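Here the structure comes first, spelled out in structure tokens, and everything after it is commentary.
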Amino acid sequence: MSKSFGALRVTQDLSFEVGRGEVFGVLGPNGAGKTTVFNLISGDIAADVGAVVLDGQDMTGIPAFKRAAKGIGRTYQIPRPYTQMSTFENLLVSATFAGQMRGQAAYDHCATTLDECGLGDKANRPAGSLTLLDRKRLELARAMAGKPKLLLLDEIAGGLTDGEAKDLVTLIARLRDRGVTIIWIEHVLHAIMAVADRMMVLSFGEKIAEGKPDAVMRDAEVRRVYMGIEA
Amino acid sequence: MTDPHFATVHRHTSSSRIAIGCGLLLVLAIPSMPFWASSGHIRWAVELGCFIAIAQMWNLLAGYGGMVSVGQQAFIGLGGYALFVLVTLFGVDPFLAVPLSVILPALVAAPAYMLLRRLDGPYFAIGTWVLAEVLRLITSNIGAVNAGSGMTLKAMAKYSAHQREIGLTLLVALLLLLTVGGTYLLLRSRLGLALTAMRDDAVAASSQGVNVGRMRFSVYLLAAVGTGLAGAIYFMAQLRISPTSGFDPNWSSICIFIVMVGGIGRLEGPIIGALLYFFATRLFGQYGSAYLVVLGLLTLVVAIRAPTGLWGLMTRLRPWPWFPTGYILTKG
Amino acid sequence: MRWVDAIIQGTLLGGLYAQYAIGMSLMFGVMRIVNIAHGDLVVLLALIGISLAAVFGLGPGFLVLLLVPIGALVGWALQRFILNRLVGDDPLPSLIATFGISIALQNAMLAIWSADTRSLDAGALASKSFQIGEMYIGLLPILVFVTAVILTAGLSMVLKGTKFGRALRAAAADRDAATLSGIDTKSIYAKATAVAVGILGIAAVFQATRTTIAPADGGGQLIYAFEAVIIGGMGSIWGAFLGAMVLGIAQVIGSRIDPGWGVLAGHLVFLVVLAWRPQGIMSRK
Amino acid sequence: MSEMLLKARALCGGYRDFQALFSIDFDVAKGEAVALVGANGAGKSTLFKTLVGLLPVKSGTLTFNGRDIAAMPAHTLSRQGLALVPEGRRLFKGLTVEDNLRVALDHARTVEPGETVWTLERLYDLFPILAERRRQVVEKLSGGQQQMVAIGRALMAQPKLLLCDEISLGLAPKVIGEIYAMIPSIRATGTAIVIVEQDVSLAQRCADRIYCMLEGRITLTGASSDISREQITEAYFGVKHAVG
Amino acid sequence: ASNPTIRIGFVSPQTGAMGSFGETDAYALDFIRKHIGAGLDIRGTTYAVEIIERDSQSNANRAAEVAGELILNEEVQIIIPASTTDVTLPVSEQAELNGVPSVSSTAPWQAVIMPRGGDAFEWTYHFFWGLEDIIASFVNMWSSAETNKKVGLLLPRNTDGEVWGSEEFGLPPALRAAGFEVVKPSLFEPRTNDFSAQIAAFKSAGCDILGGLVFPGDLRTAAIQCAQQGFKPKIATIAAGLLFPSAVEALGSLGNGMSTEVWWTPAFPYASTLTGESSAQLAATWEEKTRKQWTQPLGYSHAIWEVVLDTLKRAEDPLDRASVRDALKATDLTTMVGKVKWANGPHPNVSKTPILGGQWRKGEKWPYDLKIVEAKTYPIMEPQAKLEMMSWQG
Ligand SMILES: Nc1ncnc2c1ncn2[C@@H]1O[C@H](COP(=O)(O)OP(=O)(O)OP(=O)(O)O)[C@@H](O)[C@H]1O
Ligand SMILES: Nc1ncnc2c1ncn2[C@@H]1O[C@H](COP(=O)(O)OP(=O)(O)OP(=O)(O)O)[C@@H](O)[C@H]1O
Ligand SMILES: [Mg+2]
Ligand SMILES: [Mg+2]
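Protein chains in written order, with this note's numbering: chain A, 4 to 234; chain B, 7 to 338; chain C, 10 to 294; chain D, 626 to 869; chain E, 46 to 439.
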């Protein structure tokens with residue numbers, strides 16, 4: 004995949020694969036192009052060259068809403084709730100359209116998901132009144148409500164307390180156990196290290212490392228570029 | 007209920023059951039008016055019905071679709087002209103021509119949307135206005151429809167006053183069922199969810215599986231058809247149409263006033279707003295400029311003090327919705 | 010020659026639209042305030058000016074000196090007491106409020122000044138022109154155009170390169186954050202609207218000199234001003250100016266082809282520009 | 626404690642019909658680094674917004690630099706040296722990186738002679754990527770880059786007290802490291818810092834004192850070296866949950 | 046002791062762009078209300094008369110709405126659409142369909158009859174002159190001066206402009222028949238800002254005469270641009286736009302010497318059948334009361350009430366629409382503006398009244414005075430002056 008914004012080349016010949024039921028971590032300095040990769044996968048923006056293949060199906064040229072229905076769910080780094088709808092209705096949208104559920108099944112699924120994400124008591128509150136952190140939770144809940152096969156998580160652990168981060172990791176592990184494939188962009192290392200099966204590190208749109216979390220973190224280049232540890 | 011996650015979702019309330027029941031009865035009562043009401047009241051019902059329909063369509067477009075238009079007069083004029091052309095030039099029966107008149111607005115709305123779809127917010131608004139002006143200017147240059155001097159619906163004279171009233175009231179009842187009832191059903195359906203979601207954030211909605219492009223298009227088209235139908239009925243009652251009366255920007259002013267004062271983004275708003283506007287104009291219209299100054303200031307006060315409109319104020323006092331479209335999770 | 014003449018006349022006509030458009034560009038393009046009463050304010054200022062001229066026997070030049078501060082004051086008050094409560098991401102509230110103001114203002118003016126048409130007599134200035142070959146170029150349109158250029162250049166400079174301009178753009182983008190950066194957003198907005206309406210004081214004098222003024226005339230030029238701002242690209246003052254030129258030239262060329270199609274030609278060009286570059290011709294996006 | 630810069634006593638505040646702060650006592654001394662911790666929804670951001678005047682003080686007293694600022698208009702506070710890096714960045718969209726920073730410079734506090742001044746150059750040294758993107762409109766920056774601009778904008782105001790709400794949110798570890806490494810040098814110029822930080826050990830390391838908030842109240846305060854993790858955890862969650 | 050009440054509906058543009066037309070209507074209404082304050086005595090029975098006025102807001106839709114309301118809700122016996130085709134057409138249409146007599150004036154009869162199909166109507170009656178008269182009057186005026194007989198026509202794109210410019214029954218064919226060469230660019234959009242195309246066409250054809258129908262706002266724009274573009278015809282005769290003194294004043298010195306049609310002036314040799322006042326007295330009272338110069342619609346605003354009251358008095362049953370209609374149809378009355386008698390008309394629903402030609406000259410009491418320069422078409426009086434050439438002195 005490649006993508007340029009004008010003269011700025013954001014990702015360049017980037018290729019990677021994620022196995023079914025895997026938690027795949029994506030790390031990289033700010034501006035490395037991680038969010039852009041998500042936008043390319045979810046179809047929010049179109050790639051200049053390259054292809055996204057989900058379950059053997061080529062997604063190139065397929066608009067975002069169809070990709071969602073085919074099982075790609077995502078969260079936004081900067082939350083984008085439907086501010087005038089209630090939290091519950093926010094979920095209902097993706098359960099209905101991305102998850103293609105109807106009626107009682109959708110209600111049940113959304114109510115469960117809200118509880119799982121710790122928003123159970125805010126179900127009927129307008130999403131616009133949520134705090135930043137709750138909005139981030141809502142991002143996750145809404146993506147989950149769409150019953151995705153592939154879940155793209157963009158920095159959802161930032162700002163969580165240790166305890167909350169642990170809960171989150173547990174939740175993600177549970178999702179994986181249900182067979183959901185997860186790609187997770189995260190700067191909160193202890194959280195992602197706790198659950199990722201494999202990781203990739205981007206820098207200036209290029210992959211500088213990929214592999215098991217521990218191995219990646221030991222990589223000198225990664226330590227220098229990303230952690231700022233000269234060794 | 008052993009399943010702890012069996013969710014209970016409420017949509018209707020007792021107020022809504024009463025309101026919808028009453029509303030249906032009222033609408034169904036309209037066609038019976040020729041048998042008991044005075045001609046004057048029938049005419050009121052027809053005009054009021056058209057205002058409600060036009061405002062409700064604007065509300066669907068602006069309040070739910072997020073597409074603020076100041077050019078809905080385009081479709082009022084097209085609906086009206088379609089009727090006059092069908093009747094006068096093609097000799098179609100007027101009452102039969104009314105439902106056929108929505109074809110023209112639909113045919114124009116489709117390409118118009120293609121042009122406007124890339125615009126949002128104020129861009130879209132101005133775009134619709136220009137489009138309406140373009141239609142007005144083109145119409146006033148077409149000789150076959152009498153160009154600038156407009157057309158007259160002489161064919162109505164072949165019906166008796168009573169027959170005309172029966173026809174018109176039937177059409178208005180149908181119009182209200184389609185526009186108010188139709189919008190309500192649309193909003194309660196899964197499409198309603200999509201519509202509200204994309205109004206709040208179109209990008210997020212499309213990544214959640216909502217086909218934003220098609221939804222917007224459908225809403226634009228539906229609003230055009232509903233507005234066109236109302237336009238045809240309105241001008242059938244007025245008997246005359248001209249480019250300046252059909253494509254009068256004042257229609258947008260009326261929509262804005264009714265919906266904003268009534269309450270935007272709620273189905274109840276346009277109904278309350280239309281009632282207020284209609285009776286205020288009839289009661290105080292003869293006070294000329296003083297009345298209009300007050301009307302203007304009222305709009306200003308609503309914009310500042312009560313952005314949710316009269317319906318917003320009413321719900322704050324008594325939260326009794328007539329047309330609930332939301333989902334309230336009571337147990338989950 | 011015929012077409013050269015058309016382009017020149019169109020450009021000069023564009024100068025007229027630019028006078029409306031640049032104030033609107035400031036309010037609509039930068040602050041996202043849709044001011045429906047823009048044209049009515051011109052009429053108000055013109056009527057005040059005509060009355061002053063009648064009572065004190067003032068010439069147009071002197072009137073400009075009076076109307077600009079009056080306009081600025083009106084603009085300041087309008088923003089301070091009304092529009093400041095309504096600005097935000099959503100342009101709808103300001104649209105509704107100014108729509109209400111427009112109706113109230115039009116009818117209040119009708120009650121005060123009656124529906125009579127009035128104008129300012131600029132004497133020979135209005136009908137004077139220069140002859141170049143077969144072409145006649147009116148002095149008044151040239152004055153209108155030159156004034157528009159000066160206003161555009163000035164305003165654009167203020168917006169781009171001054172502390173005031175940056176503060177205004179910042180306040181328009183995020184009021185709370187602007188407050189945090191030490192900007193008194195309400196006062197900045199009030200000043201900006203004062204500038205926008207002050208400019209209309211100049212437009213009012215020109216308008217009353219080149220045609221007539223009656224209370225219901227306000228809406229007439231409004232659509233052109235909006236079109237110019239959008240053609241140019243929101244927020245760009247030079248864009249609005251350029252948009253006004255495009256519109257003026259399109260209208261004149263259109264009416265040379267057939268006088269009935271002049272206004273229509275302007276609208277069609279607007280739609281074409283929108284289809285081709287919805288973000289406007291001067292926008293870098 | 627040495628000279629007090631900010632002093633809040635029995636401060637109450639919140640939103641229109643919702644009280645979120647209850648009788649808060651909160652002090653910051655000149656040049657001090659203070660950490661504010663607390664669970665999601667505890668009221669940290671609300672406290673910050675109240676301190677800088679974005680939300681009204683409902684009752685209690687609030688002084689900054691010896692002056693009562695409780696009723697002062699928010700926009701006058703930045704000139705007195707109070708700056709906030711707001712939650713969620715709140716950049717000026719449509720303006721370039723440099724214009725965002727300049728807006729703050731335009732209205733900055735006038736520095737006294739001898740004080741170190743934050744200039745654009747100094748900031749670009751700190752975040753070189755911003756120098757590269759200086760002419761780009763901010764909404765096209767990546768999340769982390771935007772956070773850098775937000776920090777930069779607050780610094781440009783030449784603050785005496787810098788309030789940072791979730792400063793490290795969205796930043797790569799390397800940048801977080803750099804920012805925290807910078808704190809001593811900021812403090813050295815006499816500027817005090819309050820940070821909201823979820824990483825308690827990091828907070829403890831870089832702050833002199835810690836305040837813990839729970840449900841709109843300060844539940845624990847003290848020198849960071851004196852407080853144990855357990856105390857913090859308890860103050861965090863009350864008695865409801867204890868993290869195992 | 047309640048008297049039977051006759052209800053009269055009255056629709057006029059009091060607000061909006063056409064507001065100046067409503068001024069004399071409101072004045073006459075005031076007068077008539079006082080005049081019949083005690084009620085109307087009809088063959089021994091005293092009837093109370095209620096005049097219900099409605100504002101059309103210068104908007105044709107609104108005019109139709111209020112007409113429907115007056116007819117159906119207020120159940121008026123007769124309806125008066127006062128001033129401008131935007132009121133007359135929709136109101137007449139409502140009256141015709143719902144069977145209510147309507148009486149109107151102040152628009153060339155073709156503009157009221159032709160857009161509605163041109164056939165005979167049962168309920169709606171109109172008195173005014175027609176295009177054939179104004180053409181004759183214009184031709185007489187223009188023939189009285191030395192010109193090259195080339196006329197440039199300026200007409201707006203609206204009902205009036207369409208009718209005046211009609212190639213069937215409008216100005217162009219008639220003028221050609223009278224030996225004039227006609228330059229007629231297509232109709233302009235009202236409130237247009239640029240007339241350079243039309244002016245270029247007139248200039249290249251070398252027109253000595255500028256004619257047409259232009260409303261005041263457009264007229265000033267056009268006149269100034271004519272002067273700028275060096276197009277200075279010897280004669281400028283414009284209908285509608287020069288009706289009101291305010292419009293002539295708005296033209297500034299360019300208005301001096303422009304000529305126009307005259308519907309009514311204080312010099313008309315008729316008197317009111319209601320008060321016996323002469324035309325001059327009517328104008329004098331107006332000027333005294335309003336401190337404004339008299340305007341041409343004043344005569345018609347008055348005359349329409351003469352017709353209405355006369356009709357009601359003759360009606361067999363003034364409370365019955367059909368008998369009011371019959372009385373209206375049988376009208377034979379010499380009013381302030383001349384004789385009204387539908388039996389004479391060129392069309393069953395039209396009664397013609399006189400038209401003269403006038404020229405605006407610098408005045409004494411008021412800035413500009415309207416001098417009658419043409420009275421051949423309807424020789425009801427002697428001309429007051431001879432048509433002079435325009436000076437175009439800016
Ligand atoms: N619409 C756009 N136009 C121009 N440049 C863009 C646009 N979107 C992103 N960029 C640039 O592309 C680069 C990659 O951005 P991206 O958001 O993918 O980074 P990221 O890896 O997610 O960073 P972070 O960790 O800070 O969120 C950045 O330098 C950014 O400035
Ligand atoms: N705009 C608002 N209107 C009403 N209540 C609000 C608003 N913003 C926040 N609140 C409420 O105020 C309380 C405190 O919120 P605040 O944002 O200050 O918490 P916080 O400690 O910053 O949490 P976080 O870690 O999530 O940022 C919460 O209960 C929240 O729901
Ligand atoms: Mg990112
Ligand atoms: Mg917070």
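Virtual Cβ for every residue (Gly too), placed ideally from N, Cα, C. Computed from a predicted model, the values in this text were never measured in an experiment.
(request) Taking C-beta pairs closer than 8 Å, name the residues in chain E that VAL272(C) reaches, listed in chain order. (result) Working through the third sequence from its first residue, we reach residue 272(C) at position 263. In chain order: GLU234 and THR237.
(message) Applying the 10 Å Cβ sphere with the 16-neighbour rule, what's the burial state of GLY85(B)?
(response) The residue given as residue 85(B) occupies position 79 in the second sequence. Counting Cβ neighbours within 10 Å, GLY85(B) comes out buried, since at least 16 surround it.
(message) Below 7 Å on C-beta distance, what does GLY229(C) contact in chain E?
(response) As a first step, residue 229(C) must be located in the third sequence, where it is residue number 220. Correct list: ARG236.
(message) Check whether the region 248-265 of chain C and the region 45-58 of chain C touch, using three or more Cβ-Cβ pairs below 8 Å as the test.
(response) no
(request) Give me the Cα-Cα distance between ALA179(C) and ARG202(E), rounded to the nearest whole angstrom. (result) The residue you call residue 179(C) lines up with position 170 of the third sequence. The residue you call residue 202(E) lines up with position 157 of the fifth sequence. C-alpha separation (whole angstroms): 46 Å.
(request) Pick helix, strand or coil for GLN60(A), following the three-state DSSP scheme. (result) Locating residue 60(A) in the first sequence gives position 57, where the first residue counts as 1. Residue state for GLN60(A) is assigned as strand, using DSSP reduced to three classes.
(request) Could you tell me the distance, in whole angstroms, from the CA atom of THR701(D) to the CA atom of GLY656(D)? (result) Sequence index remark: in the fourth sequence, residue 701(D) carries index 76 (1-based). Sequence index remark: in the fourth sequence, residue 656(D) carries index 31 (1-based). Those two C-alpha atoms are separated by around 22 Å.
(request) Might you give, ordered along the chain, the residues of its own chain that have their beta carbon closer than 8 Å to the beta carbon of ARG138(A), omitting 5 neighbours on each side? (result) Residue 138(A) sits at position 135 when you count from the first residue of the first sequence. The residues are PRO82, PRO84 and ALA130.
(message) Give the list of continuous alpha helix (DSSP H) stretches no shorter than 4 residues that lie fully inside the region 130-185 of chain C.
(response) Within the region 130-185 of chain C, the complete alpha helix (DSSP H) runs of at least 4 residues fall at 133-136, 148-170 and 172-182.
(request) Kindly identify the DSSP beta-bridge partner or partners of MET202(A). (result) Numbered from 1 along the first sequence, position 199 holds the residue referred to as residue 202(A). In DSSP, MET202(A) forms a bridge with GLY28(A) and GLY214(A).
(request) Helix, strand or coil for TRP387(E), going by three-state DSSP, please let me know. (result) Taking the fifth sequence and counting its residues from 1, the one referred to as residue 387(E) is at position 342. Looking at TRP387(E) - three-state DSSP - the assignment turns out to be helix.
(message) Using a 10 Å radius around the Cβ and a threshold of 16 neighbouring Cβ atoms, would you call MET626(D) buried or exposed?
(response) The sequence position of residue 626(D) within the fourth sequence is 1, counting from 1. Because MET626(D) sits at a pLDDT of 46, beneath the cut-off of 50, its placement in the model cannot be relied upon, and the following sentence gives the value as read from the coordinates. So MET626(D) counts as exposed.
(request) Output yes or no for whether 9 Å exceeds the beta carbon distance between ALA253(C) and GLY241(C). (result) Residue mapping note: residue 253(C) aligns to position 244 of the third sequence, counting from 1. Residue mapping note: residue 241(C) aligns to position 232 of the third sequence, counting from 1. Result yes, Cβ atoms of ALA253(C) and GLY241(C) sit closer than 9 Å.
(request) Can you tell me which of ALA695(D), ARG641(D), ASP642(D) and LEU716(D) puts its alpha carbon nearest to the alpha carbon of ALA779(D)? (result) Taking the fourth sequence and counting its residues from 1, one reaches residue 779(D) at position 154. Comparing Cα positions, the closest option is LEU716(D).
(request) Output the boundary residues of the alpha helix (DSSP H) element that contains ALA200(B). (result) Position 194 of the second sequence holds residue 200(B). Unbroken alpha helix (DSSP H) run through ALA200(B): 196-206.
(request) Say whether the region 182-199 of chain E touches the region 124-141 of chain E, bearing in mind that this needs 3 or more beta-carbon pairs closer than 8 Å, one atom from each stretch. (result) no
(request) Closer than 8 Å by beta-carbon distance: list the chain C residues that pair up with TRP135(B), in chain order. (result) For this step, residue 135(B) is matched to residue 129 along the second sequence. Going along chain C in sequence order, the residues near TRP135(B) (Cβ under 8 Å) are ILE232 and PHE235.
(message) Using the three-state DSSP reduction, which class does LEU133(A) fall into: helix, strand or coil?
(response) Taking the first residue of the first sequence as 1, we reach residue 133(A) at position 130. Note: LEU133(A) maps to coil in three-state DSSP.
(request) With distances taken Cα to Cα, identify the nearest neighbour of GLN288(C) among GLY271(C), VAL238(C) and LYS137(C). (result) Indexing the third sequence from 1 puts residue 288(C) at position 279. Among GLY271(C), VAL238(C) and LYS137(C), the Cα nearest to that of GLN288(C) is on VAL238(C).
(message) Under DSSP, the alpha helix (DSSP H) around LEU264(E) begins and ends at which residues?
(response) By one-based count along the fifth sequence, residue 264(E) stands at place 219. Unbroken alpha helix (DSSP H) run through LEU264(E): 261-273.
(message) Can you pull out the residues from the region 264-282 of chain B whose beta carbon lies closer than 7 Å to at least one beta carbon of chain C?
(response) MET266
(message) In this structure, how does DSSP classify TYR895(D) when only helix, strand and coil are distinguished?
(response) For residue 895(D) there is no data in the structure shown, the boundaries of chain D being 626 and 869.
(request) Give the residues of chain A in contact with ILE334(B), contact being defined as C-beta atoms less than 7 Å apart. (result) As a working note, residue 334(B) is residue 328 in the second sequence. Here the neighbours are ASN127.
(request) For GLU746(D), verify whether its CB is less than 8 Å away from any heavy atom of ligand 4. (result) In the fourth sequence, counting from the first residue as 1, residue 746(D) sits at position 121. Incorrect: GLU746(D) has no Cβ contact closer than 8 Å to ligand 4.
(request) Compare the beta carbon distance of LEU788(D) and PHE647(D) with 9 Å and say whether it is the shorter of the two. (result) One-based indexing of the fourth sequence puts residue 788(D) at position 163. One-based indexing of the fourth sequence puts residue 647(D) at position 22. Cβ distance not < 9 Å, so LEU788(D) and PHE647(D) don't count as in contact.
(request) Rounded to whole angstroms, what's the CA-CA distance from ARG177(A) to VAL722(D)? Just pull it up for me. (result) Locating residue 177(A) in the first sequence gives position 174, counting from the first residue. Locating residue 722(D) in the fourth sequence gives position 97, counting from the first residue. Approximately 41 Å between the Cα atoms of the pair.
(request) Compute the minimum distance between the beta carbon of THR134(A) and the heavy atoms of ligand 4, and state whether it is under 8 Å. (result) For the purposes of this step, residue 134(A) is identified with residue 131 of the first sequence, where counting begins at 1. Yes, the Cβ of THR134(A) comes within 8 Å of a heavy atom of ligand 4.
(message) Distance cutoff 9 Å, beta carbons only. Does ARG205(B) sit that close to anything in chain C?
(response) For the purposes of this step, residue 205(B) is taken as the residue at position 199 of the second sequence. No, its Cβ sits nowhere closer than 9 Å to a Cβ of chain C.
(request) Take ILE180(E) and list the residues in its own chain whose beta-carbon comes closer than 8 Å to its own, dropping the five residues that flank it on each side. (result) Residue mapping note: residue 180(E) aligns to position 135 of the fifth sequence, counting from 1. Counting only Cβ-Cβ distances below 8 Å, and skipping sequence neighbours, we find LEU216, ALA219, LEU220 and ALA223.
(message) At a threshold of 8 Å, does GLN80(A) count as lining ligand 3 (C-beta to nearest heavy atom)?
(response) Residue mapping note: residue 80(A) aligns to position 77 of the first sequence, counting from 1. GLN80(A): yes, Cβ under 8 Å from ligand 3.
(request) Have a look at ALA162(C), GLY23(C), PHE279(C) and THR194(C) and flag the residue whose alpha-carbon is nearest the alpha-carbon of ARG175(C). (result) As a working mapping, residue 175(C) is identified with position 166 in the third sequence. Among ALA162(C), GLY23(C), PHE279(C) and THR194(C), the Cα nearest to that of ARG175(C) belongs to THR194(C).
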